[in-house]
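First up is the structure itself, then whatever we jot down about it.
Protein chains in written order, with my numbering: chain A, 162 to 317; chain B, 162 to 317.
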């Protein structure tokens with residue numbers, strides 16, 4: 162029998178479960194996305210770029226809550242891999258926007274598929290109703306005001 | 162209105178939600194536990210020590226899935242703060258066990274209360290049924306075989 166990820170007395174706390182399960186998802190996600198030369202944050206940035214118009218680095222960082230130094234390095238990586246490009250904002254020539262390339266579009270589709278498989282692999286112990294409930298509860302937390310505010314407060 | 166933690170196109174993936182919510186919980190947990198001079202991992206170790214008999218460093222690391230270098234530093238911290246002590250194993254005098262002190266017991270009770278409040282603060286956007294469903298789904302993942310195995314495989 163496999164031991165639980167964290168022992169019962171720690172798993173009493175929902176926050177402790179979220180912290181450890183988040184770490185597991187992150188490590189597995191990093192491992193799998195590496196096959197496409199991506200890290201998890203690169204994938205998230207490409208997903209936003211694929212869904213939106215070109216955005217400034219600052220807007221991307223704000224929306225994904227990624228610190229600006231990390232964001233610069235991530236965009237550098239995506240640019241050197243030919244997945245995104247910095248272009249001049251035609252409304253304000255002093256400003257740069259980040260735009261996804263065609264290769265970036267193809268790559269994000271592959272990555273999306275890979276992450277979908279990762280979800281199926283790691284969540285297959287839950288029945289469909291449990292899985293839907295889990296996703297719904299996490300979505301509520303994601304879009305409610307509490308967590309974003311608490312996070313922004315400690316990041317400052 | 163507060164923006165969601167991560168944009169909808171990323172939040173489609175349960176894994177991405179878990180990764181980001183886990184990060185948020187971690188940062189807030191680190192921030193609050195610091196008032197007791199603890200980090201999240203110190204709290205988890207003390208919880209296990211408070212519930213069990215004395216354990217070896219290796220056993221603790223295995224049960225909490227904490228790497229051995231991190232574990233040594235964590236036990237050093239707990240020992241210098243007077244919250245845990247390294248004692249000789251009377252069954253094998255060459256071996257050391259880690260044991261919680263009385264101060265450690267009092268501190269873990271305070272920390273437990275603090276983490277309970279943190280959960281209430283951060284999860285209050287969920288109604289009681291949603292919160293129970295969330296905890297139940299996370300518990301299933303914690304004690305199912307899939308995630309522990311996937312994590313142990315990438316940690317190696």
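Note that the Cβ used here is the ideal one computed from N, Cα and C, for glycine as well. This one's a predicted model, so the numbers in the text were calculated from it and none came from an experiment.
Starting from residue 168 of chain A, find everything on chain B with Cβ-Cβ shorter than 9 Å and list it in chain order. Below the 9 Å Cβ cutoff, chain B contributes 205, 208, 209, 212, 213, 224 and 225 as neighbours of residue 168 of chain A, in chain order.
Would a C-beta distance cut-off of 8 Å place residue 246 of chain A and residue 223 of chain A closer than the cut-off? Against a cut-off of 8 Å, the Cβ pair of residue 223 of chain A and residue 246 of chain A comes out as no contact.
Quick one: measure Cβ to Cβ for residue 194 of chain B and residue 200 of chain B, integer angstroms, because I've assumed they're closer than 8 Å. About 6 Å separates the two Cβ atoms, so the contact holds.
Mapping DSSP to helix, strand and coil, what is residue 228 of chain A? In this structure, DSSP gives residue 228 of chain A a state outside helix and strand, which the three-state scheme calls coil.
Taking Cβ positions only, does residue 195 of chain A come closer than 8 Å to chain B? No, because no Cβ of chain B sits closer than 8 Å to the Cβ of residue 195 of chain A.
In chain A, which residues lie less than 9 Å from residue 317 of chain B when you measure between Cβ atoms? Below the 9 Å Cβ cutoff, chain A contributes no neighbours of residue 317 of chain B, its closest Cβ being approximately 11 Å away.
Neighbouring residues, chain A, relative to residue 276 of chain B (Cβ below 8 Å): Listed by position along chain A, the residues whose Cβ is nearer than 8 Å to that of residue 276 of chain B are 174, 176 and 177.
Relative to the C-alpha of residue 210 of chain B, which residue among B/196, B/230 and B/240 is closest? Here the closest residue by C-alpha is B/240.
Can you tell me which residues form a DSSP beta bridge with residue 253 of chain B? Looking at the DSSP assignment, residue 253 of chain B forms a beta bridge with B/250.
Among the candidates A/188, A/258 and A/289, whose CA atom is the shortest distance from the CA of residue 248 of chain A? Ranked by Cα distance from residue 248 of chain A, the first of A/188, A/258 and A/289 is A/258.
Could you tell me which residues DSSP puts in a beta bridge with residue 258 of chain A? In the DSSP output, where bridge partners are listed per residue, residue 258 of chain A has A/248.
What does residue 165 of chain B touch in chain A if you count any residue whose Cβ is under 8 Å from its own? Those are 303, 304 and 309, listed as they occur along chain A.
Going residue by residue through the region 255 to 294 of chain A, where are the continuous alpha helix (DSSP H) segments of at least 4 residues, counting only ones entirely within it? Runs found: 263 to 284.
Against chain A, does residue 190 of chain B count as a neighbour if the rule is that its beta carbon must be under 8 Å from one of theirs? When Cβ-Cβ separations below 8 Å define contact, residue 190 of chain B makes contact with chain A.
Under a CB-based cut-off of 8 Å, is residue 201 of chain B close to chain A? True, the Cβ-Cβ gap to chain A drops below 8 Å.
Contact residues within the region 281 to 299 of chain B, judged by C-beta distance below 8 Å to chain A: From the region 281 to 299 of chain B, only 282, 283, 284, 285, 286, 287, 291, 292, 294, 295, 296, 297, 298 and 299 have a Cβ closer than 8 Å to chain A.
Measuring only the C-alpha atoms, how far is residue 226 of chain A from residue 187 of chain A? Each residue's alpha carbon lies about 16 Å from the other.
DSSP state of residue 217 of chain B mapped onto helix, strand, coil: In the structure shown, residue 217 of chain B sits in coil (DSSP, three-state: anything other than H, G, I, E or B).
Whole angstroms are fine: how far does the CA of residue 301 of chain A sit from the CA of residue 165 of chain B? Whole-angstrom Cα-Cα distance: 9 Å.
Run down chain A in chain order and give the residues with a C-beta less than 8 Å from the C-beta of residue 171 of chain B. Result: 205, 208, 209 and 225.
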